[in-house]
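Visitor: My questions all concern the structure below.
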Amino acid sequence: MTRLTRDEMRGKAQTVLGLIDPAELGPTLMHEHLIWDITAPAKRDPAATGGPEPSQYWSLLNSHVSDIRNTSQRDRAMAARATAEMVAAGGKTIVELTIGGLVPDPEGLAQVARETGAHVVMGCGHYVHDYQDPANANRTVDSFAREMIDQVQQGAWGTGVRAGIVGEIGCQWPWTDLEKRVLAGAVIAQQETGAALTIHPARHEDHPWMLVEFLRAHGADMTRTIIDHIDRTIFDDDRLFRLADAGVILEWDLFGQENTYYAHSDIDMPNDGMRLRTIRRVIGRGHLEQIVISHDICHTIQFSEFGGHGYAHIQKTVLPHMRKRGYTEAEIDAIMVGNPRRLLTFI
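Reading the sequence shown from the start, the letters are residues 57 to 403 in the working numbering.
Pasting the structure below:
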C-alpha cells in the first residue's frame, strides 16, 4: 500500500475509506467499538457466534453472569445494522477503537462504512498489557512507534485500511513497563503523523494525572491528547479541574450505562444526568473545547436489537436532555461536532 506523506494528510481527516474534508464528519461519537473481542484471551472461542439471550439482559449488564457472545462481536452485518441506527438518528461519524489485543477488523469496518454511509475513523496501537501479544514483551519504543506510524500512513493489521487516530492506548493498574513503552511509542506517532492520541487510563483515580506527567515528559501535544473514561475514573472536582487545567481533552464515554454496578472496580457508576452535571461544571471553568462524549459500546447486550441503548442513544436521548438542562446549541455543537472535527484533523 502506498504510504501517505504528512503533507498529504495535513488538514484532512482519515476514515477507513480514505481521506476526507473534516467538514464532512458532522456529529461524532469519539469512542466506540463495532467489531471486537474483549473476552479474556484465555477464554476466547472463535467458533462462538450470535448474540446473548435478551432474557439475561440485567444479569449480563451487571456482570452477574458471563457469556462470550456478549464480549465478542464479530458480525459485520450486525455492526452495520447498529451503525445505521445512529445515522438515522442524525449521527454521522464513529471513532472505532478496537486495536491490538481486541481483534480488530479493518476491512469489516470499511464494509460497515460503505453499507451505512457513516464515516468510520479507526484507531491503532495496543490495548492493556494482559491483552497484548506476548511477542510485544521485548519490543522497543521505536518498534511500537514505527508500527503505529505505518498504521496511520500505510495500513493496519495486514490491510490497506488506514487509522485516523492513535489509540485507545491501554493502561491497567499497576501501570506496566510494557504499557509505558507502547504509550511512549504512541506519542512519537502523534508527533510524526499529526494525529490525535486517545488513552484508556488505568482504573485508579490518580492514574490520569500520572499520564499527564508522562505525556509532558515525552513531549506530547496535550491539546490533542484525550483521556478516556473520565466517568469511571475521576469522582472529585479537584482531580477533574487539575486535568482540565493541564490542557488535555476529557472524554465522558460511557453514556447509556445507567446502572450503578461496575464489574471492574469498586465504584458507583454515574448515570447520564450526573455526567451532564459534571460536564457543566467543567464548561463553567472555561473548558468547553476540551470535552467529547460517546458510549464505548463493547458488549453485544448494549446493541438495541438485544435491548440495549445502542449507538443512537446520544442523538435520540442525551442531546434532548442536554437542551432540557440548559445546554445551548453552541455548546452541543462544540461537544458533538467542533471538538471532534478539530481532533480528527491531521496537523
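Where is the CB? At the ideal position from N, CA and C, for every residue including glycine.
Can you say whether lysine 148 is buried or exposed, counting buried as having 16 or more other CB atoms within 10 angstroms of its CB?
Guide: By one-based count along the sequence shown, residue 148 stands at place 92. By the 10 Å Cβ count, lysine 148 comes out buried.
Visitor: Starting from leucine 90, follow the alpha helix (DSSP H) in both directions and report where the run begins and ends.
Guide: Numbered from 1 along the sequence shown, position 34 holds the residue referred to as residue 90. Element bounds for leucine 90: n/a, residue is neither H nor E.
Visitor: Which first and last residues belong to the beta strand (DSSP E) in which glycine 74 is found?
Guide: On the sequence shown, residue 74 is found 18 positions in, with the first residue counted as 1. That run of the beta strand (DSSP E) goes 74–76.
Visitor: Less than 6 Å between C-beta atoms, sequence neighbours within five positions excluded: which residues of the same chain meet that for serine 115?
Guide: Sequence index remark: in the sequence shown, residue 115 carries index 59 (1-based). Taken in chain order, the residues that qualify are Val121.
Visitor: Identify which residue in Gly366, Asp206, Ile388 and Asp293 has its Cα closest to the Cα of proline 376.
Guide: Within the sequence shown, numbered from 1, the residue matching residue 376 stands at position 320. It is Ile388.
Visitor: What do you reckon, are the CB atoms on isoleucine 357 and asparagine 395 nearer than 9 Å?
Guide: Mapped onto the sequence shown, residue 357 falls at position 301. Mapped onto the sequence shown, residue 395 falls at position 339. Not a contact, by the Cβ cut-off of 9 Å.
Visitor: Do the stretch 214–223 and the stretch 240–256 touch if we need at least three Cβ pairs shorter than 8 Å?
Guide: At 8 Å Cβ cutoff, the stretches touch.
Visitor: Cα separation between phenylalanine 291 and threonine 58?
Guide: One-based indexing of the sequence shown puts residue 291 at position 235. One-based indexing of the sequence shown puts residue 58 at position 2. Cα to Cα, the separation comes out at about 46 Å.
Visitor: By alpha-carbon positions, which one of Phe200, Ala138 and Asp198 ends up nearest to glutamate 171?
Guide: The sequence position of residue 171 within the sequence shown is 115, counting from 1. Taking only the C-alpha atoms, the option nearest glutamate 171 is Ala138.
Visitor: Does the distance from the CB of phenylalanine 270 to the CB of methionine 65 come in under 9 Å?
Guide: Counting from one through the sequence shown, the residue named residue 270 turns up at place 214. Counting from one through the sequence shown, the residue named residue 65 turns up at place 9. Against a cut-off of 9 Å, the Cβ pair of methionine 65 and phenylalanine 270 comes out as no contact.
Visitor: Measuring straight from C-alpha to C-alpha, what distance separates asparagine 327 and phenylalanine 311?
Guide: Here residue 327 corresponds to residue number 271 of the sequence shown, with the count starting at 1. Here residue 311 corresponds to residue number 255 of the sequence shown, with the count starting at 1. C-alpha separation (whole angstroms): 8 Å.
Visitor: Can you find at least 3 beta carbon pairs, one from the stretch 185–192 and one from the stretch 205–215, that sit closer than 8 Å?
Guide: Touching, no.
Visitor: Would you mind working out which of Pro97, Val238 and Ile150 sits nearest glycine 82, comparing C-alpha positions?
Guide: As a working note, residue 82 is residue 26 in the sequence shown. For the residues Pro97, Val238 and Ile150, the minimum Cα distance to glycine 82 belongs to Ile150.
Visitor: For glutamate 314, which residues from the same chain have a beta carbon less than 6 Å from its beta carbon, with the 5 sequence-adjacent residues on both sides left out?
Guide: The count along the sequence shown starts at 1 and reaches residue 314 at position 258. Once the five neighbours on either side are set aside, the close Cβ partners of glutamate 314 are Asn327.
Visitor: Could you give the C-beta distance for aspartate 309 and methionine 142, rounded to a whole number, given that I count them as a contact under 8 Å?
Guide: Position 253 of the sequence shown holds residue 309. Position 86 of the sequence shown holds residue 142. Wrong, their Cβ atoms sit about 15 Å apart, outside the cutoff.
Visitor: If the criterion is Cβ atoms closer than 9 Å, does the pair histidine 274 and leucine 306 meet it?
Guide: Counting from one through the sequence shown, the residue named residue 274 turns up at place 218. Counting from one through the sequence shown, the residue named residue 306 turns up at place 250. No, they are not a contact pair.
Visitor: If you pair each beta-carbon of the stretch 122–137 with each one of the stretch 160–170, do three or more pairs fall below 8 Å?
Guide: Output reads yes: the stretch 160–170 touches the stretch 122–137.
Visitor: Between glycine 241 and the ligand GDP, is the CB less than 8 Å from at least one heavy atom?
Guide: Because no ligand of any kind appears in the structure shown, any question about the ligand GDP cannot be addressed here.
Visitor: In this structure, how does DSSP classify tryptophan 308 when only helix, strand and coil are distinguished?
Guide: Residue mapping note: residue 308 aligns to position 252 of the sequence shown, counting from 1. Tryptophan 308: strand per DSSP, three-state reduction.
Visitor: Specify, as a first and last residue, the run of the alpha helix (DSSP H) that valine 393 falls within.
Guide: Looking up residue 393 in the sequence shown gives position 337. Counting along the chain, valine 393 falls outside any alpha helix (DSSP H), and DSSP gives it neither H nor E.
Visitor: Can you check the stretch 121–183 for any beta strand (DSSP E) of at least 3 residues that lies completely inside it and give the ranges in chain order?
Guide: Listed in chain order, the complete beta strand (DSSP E) runs (minimum 3 residues) inside the stretch 121–183 are 149–152 and 175–178.
Visitor: Could you name the residues that DSSP lists as bridge partners for histidine 320?
Guide: Indexing the sequence shown from 1 puts residue 320 at position 264. Note: histidine 320 sits in no beta bridge, so no partner.
Visitor: With DSSP as the reference, please indicate the residues paired to valine 222 in a beta bridge.
Guide: By one-based count along the sequence shown, residue 222 stands at place 166. Beta-bridge pairing links valine 222 to Leu253.
Visitor: How many whole angstroms separate the CB atoms of glutamine 246 and valine 177, which I take to be in contact at a CB cut-off of 8 Å?
Guide: Walking along the sequence shown from the start, residue 246 turns up at place 190. Walking along the sequence shown from the start, residue 177 turns up at place 121. Contact flag wrong, Cβ pair sits at about 15 Å.
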